Structures are given as structure tokens and as C-alpha cells.
Amino acid sequence: MITRIQIIKRYFRSLFDLKASQEDEAETYQEVKDGVVFKGKNLWLLAFAIFISCVGLNINSKAAVIGAMIISPLMGPIFGIGFSLGVSDLDLLKLSIQNAIRIVLISLFVATIYYLITPYAIATDELLSFSHPTIFDVLLAFLGGMAGFIAISRHNGTQVLIGVAVATSCIPPLCTASFGLATLQWEYFVGGLYTYFINALFICVGAYLIVKYLKFSPHSDENVKNVNSWFGVLIFLAIIPALYLAYNFAVANIFTSKANQFVTNEIDSKYHVVQTKIDHKAKLIEVDVTVEKYDDSLQNSIEKQLVKYNLKDSKLKIYQTIEAGKANRNEFDKLNAEIELLKNEI
1023 MITRIQIIKR
1033 YFRSLFDLKA
1043 SQEDEAETYQ
1053 EVKDGVVFKG
1063 KNLWLLAFAI
1073 FISCVGLNIN
1083 SKAAVIGAMI
1093 ISPLMGPIFG
1103 IGFSLGVSDL
1113 DLLKLSIQNA
1123 IRIVLISLFV
1133 ATIYYLITPY
1143 AIATDELLSF
1153 SHPTIFDVLL
1163 AFLGGMAGFI
1173 AISRHNGTQV
1183 LIGVAVATSC
1193 IPPLCTASFG
1203 LATLQWEYFV
1213 GGLYTYFINA
1223 LFICVGAYLI
1233 VKYLKFSPHS
1243 DENVKNVNSW
1253 FGVLIFLAII
1263 PALYLAYNFA
1273 VANIFTSKAN
1283 QFVTNEIDSK
1293 YHVVQTKIDH
1303 KAKLIEVDVT
1313 VEKYDDSLQN
1323 SIEKQLVKYN
1333 LKDSKLKIYQ
1343 TIEAGKANRN
1353 EFDKLNAEIE
1363 LLKNEI
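Here the sequence shown stands for residues 1023 to 1368, where the numbers follow this note's numbering.
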């Protein structure tokens, strides 16, 4: 007799079963192989996507950047690498790596030409955001790789692949690297390339794990343990800078949050704050306030409150500006009255 526990187990197995709607392995293999080959239509689509992304980054247009990521066909070789490692197909692995390198070179060439000829090659916030990847980018790429390959192994997975292309953001980092190359700002060049590399690498990792989970048949009996070992070393080396950048990102955000809270509660509630500048690297908080008259003790009295917000090691600079019009308000009122009188006479 089937017990209730067995029924529940069977239900959950059927609920989370990935193999139930999986297409034939031969179809998936052919689909991956077709996506790996990069020439003709795919090459032109990549060039257009790169141009659109560059323009979008130039004008801080998220819509244009997202559109470029949807148009771009560069995910094929990336999934090809993960799939070929999972099924031990060295020929497909070589072909995928060759096309992945070709994509990078073509993208850098096209985007660099754009930034050399355009008069609007400026470092916008949107552009610079793709030069400092963190562990969160790794997580997005990893989850995107798993979701993407699940979609590839189904008959109708196009919409999911479009979502993966947008979420993992592979095109904009190449544009950032090209901007750095065109303007000889090597920090952006290295940062953009690293962002692309880490995104592509962990998409491969996600795809590889899904291939193994779905138990695709090995393409050959050839031993690829050495290749997989080097792949593991590469993953380890790639993730270290991302962890360091994520730590710095967290420290900067925590300091900025505390500083903003301090300014809001201790300064903005009592004085009119004109401008606030927060430098997390120097641990410096600069605040411009307007006052009726200069107060020598203002800096010291507010500085004592830093301890309450765990900002005792921070520096505070308050700039006081005498509020214009306070001393001469009566004169302004008289002038306004005379102007109104003249208007009435006219």
C-alpha cells in the first residue's frame, strides 16, 4: 500500500521535475551548436547592438541599453562553452572559445571606433557602472546561466533567454572597456573586460551544472578532467576580485547611509541644508547650511553627535552661509511696493 508520505514525495518530484518537458538531447545539441557559430547575420546583429548600447550609455538611456542586450546574439558561444564541458565535447569547446574570443574582439573594435569618432565620448554614470563588478554580478550571471540553459533544453525558451541576456548584462561591459581603450583610461578598459569575463564565466558555470543535473549523455569517452580542473581554478581566481569589490561596495554603502542619517537628523532638522557631499574613502562629510548669522560653536556642537551614528572616526566640515535678504528684508519690501505702484500707474 502506498503511504501518504510516498504520495507527497511523488507529488513534489513531479512538481520540480526538469526532465518532464525536456526536448530531445540531439535537438538541444544542434541548437547549442548553431548558436555557437558566429558569422553573417549574428555578426551584423552584434555590431548594431554594440552601437545601440554605446549610444544608450552615452545618454544614460537604460531603455537603449536593454534593447541592445535583447538584440545581441553573443550568448550562444558562452552557453556553448558550458554545454561542451558538461558533455565532454572538446571540438565544440574549441569552437565555442574561438567564437567567444571573436565576439570580444569585434565588440571592442566596433565600440572603440564609435567612441573615437563621436564628439560625445563622456564617462556617464551608466557607463562607469559596468567597470566595477561585485559578487552580486557573479550571482546574477550564475543564476542566469542556469535559467538560460533550462530554457535552451525546452522547445519554447526564447523569452527566458531574452530575460537572461538583460539580467546578466554582457554587452555594456564591452562598451565600457572600449571607452577606456578609446580614451586611454585603462581603469575602465580593465574593469569593463573583467566585468564581461566574470559574467560570461559564471553563465558557463550555471549552464554546466544544469547539463550535469539533466544527465546529458557524454559526447565522447575522451577524458576532459584536466580541462574541468583548469576551469575550476579559473573560477576561483576570477571570484577573488569580485569578493573584494563587493566588500568595498558594502563598506561604502554603510558609511553613506549612516552619514545621510546623521545629516538628516542632526543638521537638516535644525538648519536649511543647501548641499551635502559624502566621501566614503576619506570618511569626510561636508555640509553647506544657510544661517541668519555666523555661529562659531556650530561645528563643534554638531561634531559631538557623530558618536551616536558610529561615525567617530569621520571628519565633518560645515560651511555657513549668511542667508541673503534677512537683514535687508524691509528694503526689499519697499522696493517691491514701489514696483507694484509703478505697474499700476502704467
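Every residue, glycine too, gets a C-beta built ideally from N, C-alpha and C.
Since the model is a prediction, treat every value here as computed from it, not as a measurement.
Burial of Tyr1136 is indicated by the presence of at least 16 other C-beta atoms within 10 angstroms of its C-beta.
When the Cα atoms are used, Ser1239 and Val1109 turn out to be separated by approximately 6 Å. Annotation for His1241: Val1109, Ser1110 and Asp1111 place their beta carbon closer than 7 Å to its own, counting only its chain and skipping 5 residues before and after.
Residue environment analysis places Gly1166 among the buried positions, since at least 16 neighbouring C-beta atoms fall within 10 angstroms of its C-beta. For the pair Cys1076 and Tyr1218, the Cα-to-Cα distance works out to about 15 Å. Remark: three or more beta-carbon pairs, one from each stretch, lie closer than 8 Å, so the segment 1118-1131 and the segment 1047-1060 are flagged as touching. Judged by DSSP in its simplified three-state form, Lys1299 adopts strand.
In its chain, beyond the 5 residues on either side, Val1087, Thr1146, Glu1148, Leu1149, Pro1194 and Cys1197 have a beta carbon closer than 7 Å to the beta carbon of Leu1079. Separation of Ile1220 and Ala1071 (C-alpha to C-alpha, rounded to the nearest whole angstrom) is 20 Å. Taking the C-beta atoms as reference points, Tyr1230 is found no nearer than 7 Å to Ser1153.
The beta carbons of Phe1284 and Thr1156 sit about 26 Å from each other, so the pair does not count as a contact at 8 Å. For the options Phe1224, Asn1287 and Val1233, the alpha carbon positioned closest to that of Ser1106 is the one of Val1233. DSSP places Glu1049 in no beta strand (DSSP E) but in the uninterrupted alpha helix (DSSP H) bounded by Glu1047 to Val1058.
By the Cβ rule, the segment 1301-1313 counts as touching the segment 1272-1282, because three or more pairs are nearer than 8 Å.
Between Ala1274 and His1302, the gap from beta carbon to beta carbon is short of 7 Å. For Gly1214, the closest C-alpha among the options Glu1314, Val1227, Cys1192 and Gly1228 is that of Cys1192.
Beta bridge pairing from DSSP links Tyr1341 with Asp1310.
7 Å or more divides the Cβ of Ile1103 from the Cβ of Ala1090. At the C-beta level, Ser1175 and Thr1134 stay beyond 7 Å of one another.
Glu1362 is classed as exposed because its beta carbon has fewer than 16 other beta carbons within 10 Å across all chains shown. For the options Leu1068, Phe1101 and Asn1082, the alpha carbon positioned closest to that of Ile1092 is the one of Leu1068.
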